[in-house]
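Chemist: Take this structure, written in structure tokens, and hold onto it; I'll ask about it next.
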Amino acid sequence: TSAYSSPAKSLGDPGITPLSPSHIAKDSDADDAVEQLFLVVVAIDFGTTSSGYAYSFTKEPECIHVMRRWEGGDPGVSNQKTPTTILLTPERKFHSFGYAARDFYHDLDPTESKHWLYFEKFKMKLHTTGNLTMETDLTAANGKKVKALEIFAYALQFFKEQALKELSDQGGSDFENTEVRWVITVPAIWKQPAKQFMRQAAYKAGMASPENPEQLIIALEPEAASIYCRKLRLHQMIDLSSRAPVNGYSPSDTIGTGFTQAKEHVRRNRQSRTFLVENVIGEIWSELEEGDRYIVVDSGGGTVDMTVHQIRLPEGHLKELYKATGGPYGSLGVDYEFEKLLCKIFGEDFIEQFKIKRPAAWVDLMIAFESRKRAAAPDRTNPLNITLPFSFIDYYKKFRGHSVEHALRKSNVDFVKWSSQGMLRMSPDAMNALFKPTIDQIIQHLSDVFDKPEVTNVKFLFLVGGFAESPLLQQAVQSAFGSRCRVIIPQDVGLTILKGAVLFGLDPAVIKVRRSPLTYGVGVLNRFVEGKHPPEKLLVKDGTRWCTDVFDKFISADQSVALGETVTRSYTPAKPSQLVIVINIYSSEQDNVSFITESGVKKCGTLRLDLTGTDASVPSRREIKTLMQFGDTEIKAMAIDVATSKSVKVGIDFLNY
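Those letters in the sequence shown? Residues 1 to 657, by UniProt numbering.
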């Protein structure tokens, strides 16, 4: 039995019953909010490993400005985004974000640094926490816990202040938050509570408020990428499939070189930081016809998620064909394999201790690994050297009583040697082996998606996100799926989502149809039918036999929902004299739900309509209209008493029930 015993019985609440026949009205234009006018759209790509923002003035939507350069970049890593790291003082006050946080933390004396709270890669917590609430904690590098909501709000507030400052400096006068429409991107595969959590954190950061929710749009990462990919011109992307062998080189050799040339081109233009998005449909897009399908694979630091879209002409609106899928197969998986390799060589007990006792040196080691990770390529022949921090070598000797060099000789891990300059020397095979588990999972997942009936005849596969820069991933995707569709990589692939999110904020109506990730319905009473309804659900009230806890479905999981679409049902109080009507809204990941007591059914909203004091001359069968409107990531519900027009509204809430 579920955690809910029969709600209707326990409440002694007569409940509501459907007015038959139950009908669905589709009013797409009902209750449309008046569009607010914002001067600028600022999109924040809050990534697992790195973050950034970009903006565009609504008066000149074809110019997208990527944020100014950050101080303190890393060798071998482009500076357009900053690491998603945050540092709080020992008093738990915000200190710094990004490179600044990392460098400051790093320069602290070890005796001091253990009191400071340093967080990195914390966004994954929202994906991995099953029962996320406003109270969920995050653990800092020193083991201390802080509420996740505070950390996310601090991070968003930092971006808010940076962006407003840049806008003010540029315009020469102070820019007000009210003039900005904010867009925050989240993985499409996140569950509803995580998406709602982001919105709450943004409210806490002062970007928008529950009274003015339109000021903030939560955009789905692959959708944003999809919007940007539509605008691509041919010189802005690399088509892996059109690589015929050139001068005896195989296509795999040209993957790297094409990318290097593209990077040069981007680097030369980077000083401007302004990207012109021509207001045209890109060439690639002009090859797409009505009904064509393409897949966007968004591979980031933490997650990889993929969406299948179909084109609807003439406006080129997008329709989601298959619900977003994916998993925790981001490039962090490669870091994790590196950590496992270190444990194998130096012992898990040592690595655990080292991370706690010398957290800053551990961060250093991972930074050194990061730049070598980016140098991995399918055709590489020379080894990759990773500098071990001095304190690693020193601490290891204290801990074990013998040298790092001795450990490497003894560990018989092939392909990893010690070089006299104090470096770990990895053969290309050893590096590629670290990528293999993660890339295999991505390819496996993509194969599963390709096998779905909804996903036949896909024309293009767009590979986007930071991890898409990896030639190893590019080659794996091309060799696995190149025969089925054209594999396309936008040139500035790490900024694709950011730019697409700006375009989405300028025109949120471009995505027309989504798939509902959950089944929604309300709990009702139905007339009890012998033989059809289970006897334990029988409730006798005033001589009428009711079946309690019935789940009356509004919309099923994976059903297509047009944006802004309203689904309406009509109910009547089971007991005519009843004056307070309580409608409970439930959701489930399952498709066919019969009762609200089934496992996996969660309550996510309550509508309380109080009809006391209304005119007594109401018809004997009172009609209560219940509407659910499906918005961007928000769902609103409303109940109206038809006779008196009295109404009550509620937003669906996944965090507080």
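The beta carbon of each residue, even a glycine, is placed where N, CA and C say it ideally should be.
All values reported here derive from a predicted model rather than from experimental measurement.
For the stretch 135 to 174, list the beta strand (DSSP E) runs that are entirely contained and at least 3 residues long, ordered along the chain.
Modeler: List check, beta strand (DSSP E) in window: 137 to 139, 145 to 147.
Chemist: Which of the three DSSP states is assigned to Glu290 in this structure?
Modeler: In the structure shown, Glu290 sits in coil (DSSP, three-state: anything other than H, G, I, E or B).
Chemist: What are the start and end residues of the alpha helix (DSSP H) that includes Gln353?
Modeler: Counting along the chain, the alpha helix (DSSP H) containing Gln353 begins and ends at 348 to 357.
Chemist: Could you please give me the residues that DSSP links to Ser308 through a beta bridge?
Modeler: At residue 308 the sequence reads Val, which differs from the Ser that was named. DSSP lists Ile295, Tyr322 as partners of Val308.
Chemist: Are there 16 or more other CB atoms within 10 angstroms of the CB of Ser226, so buried, or fewer, so exposed?
Modeler: It counts as buried.
Chemist: With DSSP collapsed to three states, give me the class of Asn131.
Modeler: If DSSP states are grouped into helix, strand and coil, Asn131 belongs with coil.
Chemist: Do the CB positions of Val561 and Ser516 come within less than 8 Å of each other?
Modeler: Against a cut-off of 8 Å, the Cβ pair of Ser516 and Val561 comes out as a contact.
Chemist: From this set, Thr49, Phe57, Tyr53, which residue's C-alpha is nearest Leu39's C-alpha?
Modeler: For Leu39, the nearest C-alpha among the options comes from Phe57.
Chemist: Looking only at its own chain, which residues have a Cβ that is under 8 Å from the Cβ of Gly52, when we skip the five neighbours before and after it?
Modeler: Closer than 8 Å at the Cβ level, and outside the excluded window around Gly52, lie Ile44, Asp45, Val66, Met67, Gln80, Lys81, Thr82, Leu495, Leu498.
Chemist: Quick check: the Cα distance between Pro378 and Asp364, rounded to an integer number of angstroms?
Modeler: So the two alpha carbons sit approximately 26 Å from each other.
Chemist: When the Cα atoms are used, what is the spatial distance from Gly500 to Gly302?
Modeler: Computed Cα separation, rounded: 19 Å.
Chemist: Go ahead and pull the three-state DSSP assignment for Gly15.
Modeler: Coil at Gly15, not helix or strand.
Chemist: Could you give the first and the last residue of the continuous alpha helix (DSSP H) run that contains Phe119?
Modeler: First-last for Phe119: 117 to 120, but that is the beta strand (DSSP E), not the alpha helix (DSSP H).
Chemist: Kindly indicate which three-state DSSP category Gly559 falls into: helix, strand or coil?
Modeler: Looking at the sequence shown, residue 559 is not Gly but Gln. Here Gln559 sits in coil by DSSP.
Chemist: Could you check the C-alpha separation between Lys649 and Leu607 for me, to the nearest Å?
Modeler: Cα to Cα, Lys649 sits roughly 7 Å from Leu607.
Chemist: Classify Arg102 as helix, strand or coil using the three-state DSSP reduction.
Modeler: It is helical.
Chemist: According to DSSP, is Cys229 helix, strand or coil?
Modeler: It is helical.
Chemist: So which of Leu156, Gln170, Ile218 has the shortest CA-CA distance to Thr185?
Modeler: Selected option, being the one with the closest Cα: Ile218.
Chemist: Looking at C-beta atoms only, is the number of pairs between the stretch 140 to 158 and the stretch 101 to 117 that lie closer than 8 Å three or more?
Modeler: In short, these stretches touch, since the Cβ pair count reaches three.
Chemist: Pairs of beta-carbons, one from the stretch 426 to 444 and one from the stretch 372 to 392, closer than 8 Å: are there three or more?
Modeler: Yes, they touch.
Chemist: What residue range does the beta strand (DSSP E) around Ile585 cover?
Modeler: Counting along the chain, the beta strand (DSSP E) containing Ile585 begins and ends at 580 to 588.
Chemist: Skipping 5 residues on each side, what residues in its chain have a beta carbon closer than 7 Å to that of Phe528?
Modeler: For Phe528, where only same-chain residues beyond five positions count, the Cβ hits under 7 Å are Leu538, Arg545, Trp546, Cys547.
Chemist: Taking its Cβ as the centre, do 16 or more other Cβ atoms sit within 10 Å of Ile356, making it buried, or is it exposed?
Modeler: Ile356 should be labelled exposed.
Chemist: Does the distance from the CB of Lys575 to the CB of Lys553 come in under 8 Å?
Modeler: For Lys575 and Lys553, no; Cβs fall outside 8 Å.
Chemist: Once DSSP output is grouped into helix, strand and coil, what is the label at Gln391?
Modeler: The sequence as given places Ser at residue 391; Gln does not occur at that position. It is helical.
Chemist: Which partner residues of Ile511 appear in the DSSP bridge assignment?
Modeler: Ile511 is bridged to Leu318.
Chemist: Can you give the Cα-Cα distance for Gly465 and Trp190, rounded to whole angstroms?
Modeler: Looking at the two C-alpha atoms, the distance is approximately 16 Å.
Chemist: Leaving aside the five residues before and after Val41 along the sequence, list all residues of the same chain whose C-beta is less than 7 Å from its C-beta, in chain order.
Modeler: Cβ neighbours of Val41 beyond the five flanking positions: Tyr55, Ser56, Thr58, Arg181, Val183, Val502, Gly505, Leu506.
Chemist: Helix or strand or just coil, what does DSSP make of Ile596?
Modeler: Here Ile596 sits in coil by DSSP.
Chemist: Could you tell me which uninterrupted beta strand (DSSP E) segments, each at least 3 residues in length, are contained entirely in the stretch 394 to 421, listed from first to last along the chain?
Modeler: Taking only runs of at least 3 residues, the beta strand (DSSP E) segments lying wholly in the stretch 394 to 421 are 416 to 419.
Chemist: Is Gly52 helix, strand or coil when you go by DSSP?
Modeler: Strand at Gly52.
Chemist: From the DSSP output, read off the bridge partner residues of Tyr520.
Modeler: Answer by DSSP bridge pairing, in chain order: Ile555, Ser587.
Chemist: Please confirm whether Leu472 and Ile439 have their CB atoms less than 8 Å apart.
Modeler: Yes, these two residues count as a Cβ contact at 8 Å.
Chemist: Have a look at the DSSP bridge pairing and note the partners of Tyr336.
Modeler: None, per the DSSP bridge assignment.
Chemist: Report yes if the CB atom of Lys452 is closer than 8 Å to the CB atom of Tyr322, and no otherwise.
Modeler: Cβ distance < 8 Å, so Lys452 and Tyr322 count as in contact.
Chemist: Taking Phe399 and Phe350 to be in contact with their CB atoms under 8 Å, please state how far apart those CB atoms are, rounded to whole angstroms.
Modeler: About 5 Å; that satisfies the 8 Å criterion.
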